[in-house]
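A.B. asks:
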Amino acid sequence: MQIGVGHTLPAQNLHVFQARRASFKCRQTSPLNPSTKPNPCSQKPLSSACFSTESTRQHLSSLEKLLQKTNEAEPEQVISKPPINGSIGNKGKVLLEGLNLSRIWPETKAAEEMSPRHLNRLQRLLSKSNMEYSPRNSLGSRWREYHGCNDWSGLLDPLAENLRREVVRYGEFVQAAYHGFHSNPAMSTNQAPLPRHVALPDRSYKLTKSLYATSSIGLPDWVDDVAPDLGWMTQRSSWIGYVAVCDDRREIQRMGRRDIVIALRGTATCMEWAENLRAQLVRIPESDNPTQKVECGFLSLHKTPGAHVPSLAESVVEEVKRLMETYKGETLSITITGHSLGAALSLLVADEISSCAPHVPPIAVFSFGGPRVGNKSFVDRLNEKKVKVLRIVNNQDLITRVPGIFIGEGSNQQQEDLQKNQRNDGFGKVFDMIDNNNPWAYSHVGTELRVDTKMSPYLKPNADMACCHDLEAYLHLVDGFLSSNCPFRSNAKRSLVKLVNDQRSNMKQLYTHKSLSLNLERDRLRVPIPSCLPSPSR
5 MQIGVGHTLP
15 AQNLHVFQAR
25 RASFKCRQTS
35 PLNPSTKPNP
45 CSQKPLSSAC
55 FSTESTRQHL
65 SSLEKLLQKT
75 NEAEPEQVIS
85 KPPINGSIGN
95 KGKVLLEGLN
105 LSRIWPETKA
115 AEEMSPRHLN
125 RLQRLLSKSN
135 MEYSPRNSLG
145 SRWREYHGCN
155 DWSGLLDPLA
165 ENLRREVVRY
175 GEFVQAAYHG
185 FHSNPAMSTN
195 QAPLPRHVAL
205 PDRSYKLTKS
215 LYATSSIGLP
225 DWVDDVAPDL
235 GWMTQRSSWI
245 GYVAVCDDRR
255 EIQRMGRRDI
265 VIALRGTATC
275 MEWAENLRAQ
285 LVRIPESDNP
295 TQKVECGFLS
305 LHKTPGAHVP
315 SLAESVVEEV
325 KRLMETYKGE
335 TLSITITGHS
345 LGAALSLLVA
355 DEISSCAPHV
365 PPIAVFSFGG
375 PRVGNKSFVD
385 RLNEKKVKVL
395 RIVNNQDLIT
405 RVPGIFIGEG
415 SNQQQEDLQK
425 NQRNDGFGKV
435 FDMIDNNNPW
445 AYSHVGTELR
455 VDTKMSPYLK
465 PNADMACCHD
475 LEAYLHLVDG
485 FLSSNCPFRS
495 NAKRSLVKLV
505 NDQRSNMKQL
515 YTHKSLSLNL
525 ERDRLRVPIP
535 SCLPSPSR
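The numbering of the sequence shown is the working numbering, which starts it at 5 and goes up by one.
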């Protein structure tokens, strides 16, 4: 390694350096390494000029040590550029370039590096599926808190680790519902459907019942003539989800109870989309209170029976009663989880089973990207029945803001308190009248866990609406959420495979380019759409 030291040292000290350099050549080893034997020629006495300046000696020793480390870390030869002119500034710059400090201190290239800092971490997140897990902590006697008995007070901001894992786990049950539907979406119009196999993300659960939703409206007959290839997209009845129960003794002991899960997927068929657009509020048939109303389309999918299948409401009530009788005497819980349309139907299912029998187990709803379902009176109805609802909401998800108008929005407790303080008795009656009679006066239900696409280091801050509503994006954001005022957690473990595959156009270019440069096989990134991946957060 050649460095133009003679250009940077004063002439009066040049003879000192030359004498010291001769000593280095003679020794052939570093004086800082005592394990090596010196060359015999190194035993010759040195000139007193070598030790005339102690600071020069220390400087040269430090320089040699620095150069030795550089050579060990980077064996290739570094050739310095000759100085263009004789200025001291240019000569010093040449020396610094020759030392190649950026290879010794990588922080000097931080602006060029990606986040997370280590590229191998991104490689693991892109290549793994279910190889890394967080420990399954015992919920024990606290399971009721994680199930919402106190409306998740003190567990959301910051987000408790055990609750994060439970939320992601229930989201994966919904992913299994999506996968179960798309693996065989068509239904026969002439006979009852056959039993359906669903690959559950948690092997400690077993499927006990398939659920179907039926639209009360149908397309005109001429649609089949004009577009005969639509097939299952126009069918009135479709597989919407399932009921599963925990059947593993060790998992039951860990959770503190036997859990019954009801998982419901989101919109998939044309008929379901048509029902979503029937956004006027209608009265709940079984309610004695005429002011309790829900969206017409959601109620239709919940209550309408099919030609060969019962209604969603009837199927759920029948299965829950059966399981309650089967496991009579055990500690039970009912967890209903859904995404988008499934989140809306989850509230109607919870309302249905909360009064289907005496001593119904505790009911909790974990909804992802759910729209508004009913008015303020419907919210009060669920609260009176002690149905606990945790709504996971993406700040950029527009679906969570429809249907309805802001007058009926009363899910935020602080907003409610402010309205109560500002209203006198006269104004209160006016607003109550609007809430009860306005067909667009919707209200959200339950407690909110708000995440934000902009907090993810992987997703573009201006990701499109489909990405902001995507279930895998929701689980990705929950897995990385710490608190409302903290960045995305650095030790998030959830795989990025499905997110990169489904939302490549919404990923930051830095990561899509890096994923290609990692030489990952394309077939490893091709996950069936939609898919269910066991979470590394488990």
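Just so it is clear, CB atoms sit at the ideal spot from N, CA and C, and this is done for glycine as well.
Do the stretch 234 to 254 and the stretch 201 to 211 meet, that is, are 3 or more Cβ pairs less than 8 Å apart?
C.D. replies: Touching, yes.
A.B. asks: Rounded to whole angstroms, what is the Cα-Cα separation between Lys325 and Arg493?
C.D. replies: Approximately 42 Å, taken between the alpha carbons.
A.B. asks: Grouping DSSP H, G and I as helix and E and B as strand, with all else coil, what is Met237?
C.D. replies: Helix.
A.B. asks: Do the CB positions of Val455 and Ile396 come within less than 8 Å of each other?
C.D. replies: Yes; because the gap between Cβ atoms is below 8 Å, this pair is in contact.
A.B. asks: Does the Cβ of Pro44 have 16 or more other Cβ atoms within 10 Å, making it buried, or fewer, making it exposed?
C.D. replies: With a pLDDT of 46 at Pro44, under the threshold of 50, the modelled position of this residue cannot be trusted; read the value that follows with caution. With fewer than 16 other Cβ atoms within 10 Å, it is exposed.
A.B. asks: Take every Cβ of the stretch 256 to 265, pair it with every Cβ of the stretch 288 to 305, and state whether three or more of those distances are shorter than 8 Å.
C.D. replies: The answer is no - the stretch 288 to 305 does not touch the stretch 256 to 265, with fewer than three Cβ pairs under 8 Å.
A.B. asks: Of the residues Asp155, Leu500, Ala190, Ile357, which one's Cα is nearest the Cα of Ile244?
C.D. replies: Answer by Cα proximity: Ala190.
A.B. asks: According to DSSP, is Phe485 helix, strand or coil?
C.D. replies: Looking at Phe485 - three-state DSSP - the assignment turns out to be coil, as it is neither helix nor strand.
A.B. asks: Ends of the alpha helix (DSSP H) at His363?
C.D. replies: Unbroken run through His363: none, as it is neither H nor E.
A.B. asks: When you measure from the CB of Arg385 to every non-hydrogen atom of the ligand FMN, does any distance come out below 7 Å?
C.D. replies: Ligands are entirely absent from the displayed structure, and the ligand FMN is therefore not among its contents.
A.B. asks: Return the Cβ separation of Thr451 and Trp156 in integer angstroms, given the expectation that the two are a contact with Cβ distance under 8 Å.
C.D. replies: Confirmed, about 5 Å.
A.B. asks: Going by CA-CA distance only, name the one from Asp474, Val321, Ser359 that's closest to Asn399.
C.D. replies: With distances taken between Cα atoms, Asn399 lies closest to Asp474.
A.B. asks: Thinking C-beta only, is Leu327 closer than 8 Å to Ile264?
C.D. replies: Contact: yes.
A.B. asks: Give the straight-line distance between the Cα atoms of Ser460 and Pro491, rounded to the nearest whole angstrom.
C.D. replies: Near 8 Å, if we compare the C-alpha coordinates of Pro491 and Ser460.
A.B. asks: How would you label Leu100, buried or exposed, when you count the other beta carbons within 10 angstroms and need 16 or more for buried?
C.D. replies: The pLDDT assigned to Leu100 is 44, lower than 50, so where the model puts this residue is not dependable, and the model offers no usable value.
A.B. asks: Taking the straight line between their C-alpha atoms, what separation do you get for Ser371 and Tyr174?
C.D. replies: Ser371 and Tyr174: Cα-Cα distance of roughly 9 Å.
A.B. asks: Tell me which residue opens and which closes the alpha helix (DSSP H) that Ala348 is part of.
C.D. replies: It spans 345 to 357 - the alpha helix (DSSP H) in which Ala348 sits, taken as one unbroken run.
A.B. asks: Pop quiz: Ser337 and His151 are said to be a contact at Cβ under 8 Å. What is the actual Cβ separation, rounded to whole angstroms?
C.D. replies: At roughly 6 Å, the Cβ-Cβ gap stays under 8 Å, so Ser337 and His151 are in contact.
A.B. asks: Please name the residue in Leu453, Leu486, Phe382, Asp206 whose C-alpha comes closest to that of Glu356.
C.D. replies: Considering only alpha carbons, the answer is Phe382.
A.B. asks: Quick check on DSSP: helix, strand or coil for Asn612?
C.D. replies: One cannot answer for residue 612 here, as it falls past the ends of the chain, which runs 5 to 542.
A.B. asks: Does DSSP classify Met511 as helix, strand or coil?
C.D. replies: Three-state result, Met511: strand.
A.B. asks: If Arg376 sits next to Gly408, beta carbons under 8 Å apart, how far is it from one beta carbon to the other, in whole angstroms?
C.D. replies: Indeed they touch by this definition, with Cβ atoms about 5 Å apart.
A.B. asks: Where do the ends of the alpha helix (DSSP H) carrying Glu279 lie?
C.D. replies: Counting along the chain, the alpha helix (DSSP H) containing Glu279 begins and ends at 274 to 280.
A.B. asks: If we ignore side chains and look at the alpha-carbon of each, how far apart do Pro162 and Leu143 end up?
C.D. replies: If you take the alpha carbons of Pro162 and Leu143, they lie about 18 Å apart.
A.B. asks: Does the stretch 273 to 289 come close enough to the stretch 470 to 486 that 3 or more CB-CB pairs lie under 8 Å?
C.D. replies: Counting Cβ pairs under 8 Å, fewer than three are found: no touch.
A.B. asks: Look at the alpha carbon of Pro197 and the alpha carbon of Ser315, and state the distance between them as a whole number of angstroms.
C.D. replies: The alpha-carbon atoms of Pro197 and Ser315 are separated by roughly 14 Å.
A.B. asks: Assuming contact is defined by CB atoms lying nearer than 8 Å, are Thr218 and Thr308 in contact in what I supplied?
C.D. replies: Cβ atoms of Thr218 and Thr308: closer than 8 Å.
A.B. asks: From the DSSP output, which residues share a beta bridge with Phe370?
C.D. replies: In DSSP, Phe370 forms a bridge with Thr341, Leu394.
A.B. asks: Mind checking Val171: buried by the 16 CB within 10 Å criterion, or exposed?
C.D. replies: Buried, by the Cβ-count rule.
A.B. asks: Residues in the same chain with beta-carbon distance under 6 Å from Phe177, minus the five sequence neighbours each way, listed in chain order, please.
C.D. replies: Cβ neighbours of Phe177 beyond the five flanking positions: Val265, Ala267, Thr341.
A.B. asks: Considering only the alpha carbon of each residue, which of Arg168, Glu149, His448 lies closest to Gly378?
C.D. replies: That would be His448, whose Cα lies nearest to the Cα of Gly378.
A.B. asks: Can you tell me where the beta strand (DSSP E) with Lys210 in it begins and where it stops?
C.D. replies: Its beta strand (DSSP E) spans residues 209 to 218.
A.B. asks: To which residues does DSSP link Arg173 through a beta bridge?
C.D. replies: Bridge partners of Arg173: none, in fact.
A.B. asks: Are there 16 or more other CB atoms within 10 angstroms of the CB of Val313, so buried, or fewer, so exposed?
C.D. replies: Its Cβ being crowded by 16 or more others within 10 Å, Val313 is buried.
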